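One structure below.
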Amino acid sequence: MSVREKGFARRIRRESLFSFGFLNLWLDIFMKTGKWICYAGDFEIMLAEKVMTRRYQRDFPIGPFWRVDSPWHNVKFYKKFTLSRPTTLYFSYEGRISVFFYGINRFCYEFDGTVSLPAGDYEMEVWVYNKEGLPCLKIDSDELVTDETFLAANNHFQLKKCFVCPCGDLTPNTYALPLKLVAGYTLRAENGVKFYDLQRMVFVFTTVKGKGKFRLFFGETIGEIMDENHCEQVEFFDLGKGGAHRSETSKAFRYLRVCGDAESICFEEEYEPEPVPVKFQSEDKLLEKIFDVAKYTFTLCSKEFYLDGIKRDRWLWGGDAYQAHKIEDYFRFDTEKMKRCIIALFGKPPVVTYINHIMDYTLYTIISVWEYYLKTKDRAFVEYIEPMMTEHMRFVLSRTNEDGFLYKQKNDWVFVDWGLADTDGEQSFEQILLHIALSAAADVYELLGKNGAPFRRKAAALKDKIEEVFWDEKRGVYRYSRVNGAVPQKASVHANAFAVLYGFAEGEKIDRIKKAILSGDAEISITPYMQMYNYACLFESGEGAQADRKIRDYWGGMVELGVSTFWETFTVGETVEQSAAMYGRPFGRSHCHIWGSGPLYLIPRYYFGVRSVNFGEEFIVEPNLSLLKNCKITLPLKRGTLQIEICGKTVSVGATELGGTLKLNGNEYKILRGETIHVES
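Letter by letter, the sequence shown follows residues -3 to 677 of the numbering used here.
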């Protein structure tokens, strides 16, 4: 594979100075730098392919059990352009390349990375083939540079606008997050065994220098590193008479036991260079700690994509990503990562299974397209992603029965919530989620000037059928499922919480559902994944005090154990060592799971009452002062940041780049961009 990178292009330019003198010196000084471009969406597909194949259990690699797509390897780039004067184009690329100009019928033989052209009009075709990775291109010159206006085709003869690869100073195929050293670890001993304590959960590459044979045991608990046969993350290697070993992949752990003659050890963690603006300080130290632990949990799991967990599975799941989009609104408002995840989850055609093989995860991803638009007004992305959204919606609808209901078929996974064993038949939760997805698809179609009426009709018919089959008028809840024509009496929080949160339930049904949930009449329990939605439903139903108590019991229960990150699942009262087992393995549970980050959403959204409106161009702040002591919070907005401070009876609100509204005690106060207002409560 031939590679032309920035260094090559710069070398070509430097050599040209000796041939063409001061004219080329002037051009070199004023040279415009192009952007790395690729076939639309393929950088994201390529990156997902790399990230999703990094999972190990001990020394056993575990790949995703769903289809992993690859970028198109055979791509042509097209551009019509005009040069006002003689110009030399400098090409950087990854793969094999050929350059051809229509009209003048010029094949660029003996191509050395440059093409010199006189002034004039041109139509250029650049072929890049990269069997091992992503075909990509960058052109520098004083007039023409690669950017979003270039077109590309994968030889299906359908031209699309290129995407720019957000790879910074690296090339697309060598892109990786930057690294920094981790400090603050200590060497401890227990029962005569020495080990390193990193003081908190980390996600790092480990480098060991020394000689001889080594055995490394990485663990989330001390018990794990002491159990050599069941420790989930290990490394065995031989440095002979001396050398260094660096982990091939990053590992998630707090404790490390090194068996061997180590001279030194160091740890490096990947990080995202963009700052995280969110900060929360409060006299309520438990709430502040819950927020900080949620923030650190989300930070570790938020890398190139939203990973479900850093120890296991290290994969991108549709349900986890959908929840992470909501949390991201109050973390960094990273819309590029949101788009990257949606592209990777939808993948490439043909669509023959659910996303992650999971029915509800496919529906979440469809819904996420419209929700992304509502906070960004990014019509261009919606227009780009709509064909794949439609492909997935067509597949979903092909799996419905005569009532329009989705049901579990061969090779389907109906998830709903972790640990939910009863997923046979037609689940009310899945039907409500399908209704939301149909409405979202209709909104997308109408935004793009397409006919959304068929989706609207299906959604309306489905709603009527859900009410007919699942609504229990006597108890005021949606029942759980229908199996072989029978609808058992049991109900779940899942379906009823979503019915309230997404406006599916109307009128008095909302109050009846609220009472049923609060009374425990929705029997089927929920795990951490659904806790965020459950508590959001309580807040939306006016039961903020109840939600606050539950948050303090649940996430506060983990904080009291001294955790630095929130777990995959938690039962109030269990200890750290008791919490390690899962999936039939003594250390199978993840102690840093992205769906444990719910407070990072719940506290800004419901305690401070912050939400974006008008496609993210304005904000509303409606704090619940009964739940907040003296405190201040900084949050990201679509542009700039929002600051809220509560001191005694004074509420202060200001934003750097956007305006909004403070709602307090039935009054509304306008906040101008760059202004801070102070209101007595």
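Where is the CB? At the ideal position from N, CA and C, for every residue including glycine. Fair warning: this is a prediction, and the values are worked out from it, not measured in the lab.
In three-state terms, what does DSSP make of ASP117? strand
Taking the alpha-carbon of LYS31 as reference, which of CYS163, LYS72 and PRO131 has the nearest alpha-carbon? CYS163
Do you know how far the Cα of ILE599 is from the Cα of LYS486? 31 angstroms
Residues bridged to TRP409 [DSSP beta-bridge criterion]: ILE354
Coarse secondary structure for VAL47, derived from DSSP in three states: helix
Count the other C-beta atoms from every protein chain shown that fall within 10 angstroms of the C-beta of ALA577, then say buried if there are 16 or more, exposed otherwise. exposed
With 16 other Cβ atoms within 10 Å as the buried cut-off, status of PRO67: buried
For GLU259, count neighbouring C-beta atoms within 10 Å of its own C-beta (all shown protein chains included) and say buried if the count is 16 or more, exposed if not. exposed
How close, in whole Å, do the beta carbons of THR561 and LEU282 come, if the pair is a contact with beta carbons under 8 angstroms? Their Cβ separation, rounded to whole angstroms, is 17 angstroms, which puts THR561 and LEU282 out of contact at 8 angstroms.
Could you name each continuous alpha helix (DSSP H) segment of 4 residues or more that falls completely within the stretch 486 to 521, going from the start of the chain to the end? 489 to 497 and 504 to 515
Quick one: Cα of GLY91 to Cα of LYS127, how far? 8 angstroms
How big is the Cα-Cα spacing for LEU443 and ILE513? 36 angstroms
As a quick exercise: from LEU235, PHE214, PHE233 and LYS237, pick the residue whose alpha carbon is nearest that of CYS227. PHE214
For my contact list, GLU614 and LYS628 are in at a C-beta cut-off of 8 angstroms; report their separation, rounded to the angstrom. With 8 angstroms as the limit, GLU614 and LYS628 do not qualify as a contact, their Cβ atoms being about 21 angstroms apart.
Using the C-alpha atoms, what's the distance from SER298 back to CYS34? 24 angstroms
Between which two residues does the beta strand (DSSP E) containing ALA258 stretch? 247 to 266
If I measure Cβ to Cβ from LYS645 and keep anything under 6 angstroms in the same chain, skipping five residues before and after, which residues do I get? GLU676 and SER677
So, does the stretch 391 to 410 touch the stretch 422 to 435, judging by three or more C-beta pairs under 8 angstroms? yes
Considering only the beta carbon of each residue, do TYR267 and LEU194 sit closer than 8 angstroms? no
Neighbourhood of GLU536 by C-beta distance below 7 angstroms, restricted to the same chain and skipping five residues each side: VAL496 and LEU497
Whole angstroms is fine: what's the gap from SER112's alpha carbon to PRO82's? 7 angstroms
Should LEU638 be labelled buried (16 or more other beta-carbon atoms within 10 Å of its own) or exposed? buried
Which of the three DSSP states, helix, strand or coil, is assigned to PRO383? helix
Using C-beta distances below 7 angstroms, list every residue in its chain close to ARG196, excluding the 5 sequence neighbours before and after it, in chain order. ARG250 and SER560
How about TRP551 and SER586: are their beta carbons less than 8 angstroms apart? no
May I ask you to report which of helix, strand or coil DSSP gives PHE201? strand
Presumed contact (8 angstroms Cβ cut-off) between ILE58 and PHE294, rounded CB distance: Not a contact, Cβ separation roughly 24 angstroms.
Check whether the stretch 452 to 462 and the stretch 405 to 417 are in contact - that is, three or more C-beta pairs closer than 8 angstroms. no
Kindly examine the ligand ZN and report whether one of its heavy atoms sits closer than 7 angstroms to the Cβ of TYR35. The ligand ZN is not part of the structure shown, which contains no ligands of any sort.
Compare the Cα-Cα distances from LEU166 to each of GLU144, GLU231 and LEU133 and report the closest residue. LEU133
TYR192 vs LEU252 beta-carbon contact at 8 angstroms: yes
Could you tell me how far apart the beta carbons of VAL489 and ILE520 are, in whole angstroms, since I believe they sit closer than 8 angstroms? 7 angstroms
By alpha-carbon positions, which one of VAL64, ARG102 and TRP123 ends up nearest to PHE87? TRP123
On the premise that PHE451 lies in contact with LEU429, defined as a C-beta separation below 8 angstroms, what is that separation, rounded to the nearest angstrom? About 14 angstroms; that fails the 8 angstroms criterion.
So, using beta-carbon positions, are MET389 and PHE342 closer together than 8 angstroms? no
Through-space distance from ARG601 to ASN626, alpha-carbon basis: 18 angstroms
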